[in-house]
Ligand SMILES: Cc1ncc(COP(=O)(O)O)c(C=O)c1O
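In the working numbering, the protein residues as written are -12 to 435.
In structure tokens:
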């Protein structure tokens, strides 16, 4: 494998870029991409199982998205919707209210990244309810603006030395049935994790001061943890009983990733608001909050204004993204291929002790690597080495939560490509188990 040009660019990058924002896995320098395939600067090709951290559900440079973007940049690139109007913005807002759950009237607020949408959601929930407290989850990741960091509770490096963070954001355990914090099994679970919130409501967090619960329908960066239905039902009920908004944070799981438009639809819950980002515009910068009209009417400009938000280029990309998902039946494809991939990974689990659990929904699949199936101790070294070896063999694969292989390919990936990628993952597992992946790759493959 030739990597000279890539390595040289990485060397230059290391000298000039801030260390604040890169978590390296391998020296991949991208030259181009089409569908689910990437090509690097040295001409090597890769099957992409990362989709730019879930931001490219329609795949790389989908012709329909490219065509819409080119046409729009030729007409005009941007004029801020803060002072003027443009048609793609209105069309997109209407499409988003159509495809999001709930048959009530909704409105949309646009931004540029999932992080700012989460900040906006905190502001909106406080404005609407007149309450200050927000409930979020331990191990959640919601972005890196101050509000989004305050909402997140994943990594100390995100929070060290930068305080004070936003006050009155409280974190509760996410329902993780594989590694239950309370030592319970599915059979004897009494939702002890939710009990923590009930205890808080009894003793130190007045429920009537809570504005919103902001929850991912699958906890992405926690390692794709899928909550049990009974947890979501009970939490939703608790919110409704106490006048608390239930917000589904769909930045990573939305826009078809789980085989439905939005992850929360798997749980038959109609949230009061959605937070969107990443794949909404196929890689063009865009985020959105979609909320019930009465909620959205409770804040006034300029509380959530960004000069380049709602850019017409991002709007036409988002409109094309929605068309592609519909025309190419990507929701159905994602459900079918996701099930197939889960089956294949489960077969690998039968053969390889290293795999503790396979979980997920649609094409959001996590493969949890353990040192021991009984203790479930995380195997971070295996995850790093396997991802590195996969890269050497032509598959872009990363891990999160320290040890969980993150399988989130573009939804346009074919079954053949998926098969090839899983075959390569198995080869890497076998080579790891045989001790054939050297320790020195750990100096490069750091991940989260
Ligand atoms: C669930 C979730 N929310 C929010 C964000 C932040 O989005 P952005 O990086 O676009 O600001 C991310 C990014 O990884 C995410 O996974």
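For glycine and all other residues, C-beta sits at the position ideal for the given N, C-alpha and C. No experiment lies behind these values; they were computed from the predicted model shown.
Point to revise | Candidates 346, 341, 315, 208: closest to residue 330 by CA position | key: 346
Exercise for review: For ligand 1, enumerate in chain order all residues having a CB closer than 5 Å to any of its heavy atoms.
Suggested key: 100, 101, 102, 129, 130, 207, 238, 239, 264
Review point. Taking the alpha-carbon positions, what's the residue 160 to residue 66 distance?
Key: 43 Å
Practice item. Specify the secondary structure class of residue 186 as computed by DSSP and reduced to three states. Key: helix
Review point. So what does residue 39 bridge to, in DSSP terms?
Key: Partner(s): none; residue 39 has no beta bridge.
Check your understanding: CA-CA distance, residue 171 and residue 139?
Key -> 25 Å
Practice item. Determine the DSSP secondary structure at residue 250, reduced to helix, strand or coil. Key: helix
Exercise for review: Report the three-state DSSP secondary structure of residue 419 (helix, strand or coil).
Suggested key: helix
Review point. How many angstroms separate the CA atom of residue 301 from the CA atom of residue 5?
Key: 27 Å
Check your understanding: So residue 312 is in the beta strand (DSSP E); what residue range does that whole segment cover?
Key -> First-last for residue 312: 299 to 314, but that is the alpha helix (DSSP H), not the beta strand (DSSP E).
Review point. Who are residue 387's beta bridge partners in DSSP?
Key: 391
Practice item. Go ahead and pull the three-state DSSP assignment for residue 140. Key: coil
Review point. When the Cβ atoms of the region 19 to 30 are set against those of the region 51 to 63, are three or more pairs found closer than 8 Å?
Key: no
Exercise for review: Can you grab the Cα-Cα spacing for the pair residue 399 / residue 102, in whole Å?
Suggested key: 26 Å
Check your understanding: CA-CA distance, residue 320 and residue 41?
Key -> 16 Å
Review point. What are the boundary residues of the beta strand (DSSP E) that residue 228 is part of?
Key: Residue 228 -> not in any beta strand (DSSP E); alpha helix (DSSP H) instead, spanning 216 to 228.
Exercise for review: Return the bridge partner residues of residue 260 from the DSSP annotation.
Suggested key: 234, 278
Exercise for review: Grab me the residues of residue 332's own chain with a C-beta within less than 6 Å of its C-beta, minus the 5 sequence neighbours each way, in chain order.
Suggested key: 345, 354
Point to revise | Member of 280, 266, 58, 131 whose CA lies at the smallest distance from the CA of residue 440 | key: Because the chain spans -12 through 435 in this model, residue 440 falls outside it and cannot be assessed.
Practice item. Under 8 Å by Cβ, that's how I've got residue 205 and residue 270 pegged, so tell me the actual separation to the nearest angstrom. Key: Between residue 270 and residue 205 the Cβ distance is about 21 Å, and since that is not below 8 Å, they are no contact.
**Study point:** Helix, strand or coil at residue 158 [DSSP, three-state]
**Key:** strand
Point to revise | Alpha-carbon spacing of residue 278 relative to residue 145, whole angstroms | key: 28 Å
Check your understanding: Excluding the five sequence neighbours on either side, which residues of its own chain have a C-beta within less than 8 Å of the C-beta of residue 325, listed in chain order?
Key -> 245, 246, 347, 348, 349, 350, 351, 352
Check your understanding: Can you check whether the CB of residue 106 is closer than 8 Å to the CB of residue 150?
Key -> no
**Study point:** Residue of 46, 30, 69 minimising C-alpha distance to residue 289
**Key:** 69
**Study point:** residue 94 - containing beta strand (DSSP E), residue span
**Key:** 93 to 98
Review point. Under 8 Å between the Cβ atoms of residue 413 and residue 341?
Key: no
Check your understanding: So, using beta-carbon positions, are residue 114 and residue 307 closer together than 8 Å?
Key -> no
Point to revise | CB-CB length for residue 148 against residue 196, believed under 8 Å | key: Contact flag wrong, Cβ pair sits at about 29 Å.
Point to revise | Alpha carbon of residue 86 to alpha carbon of residue 248, nearest angstrom | key: 7 Å
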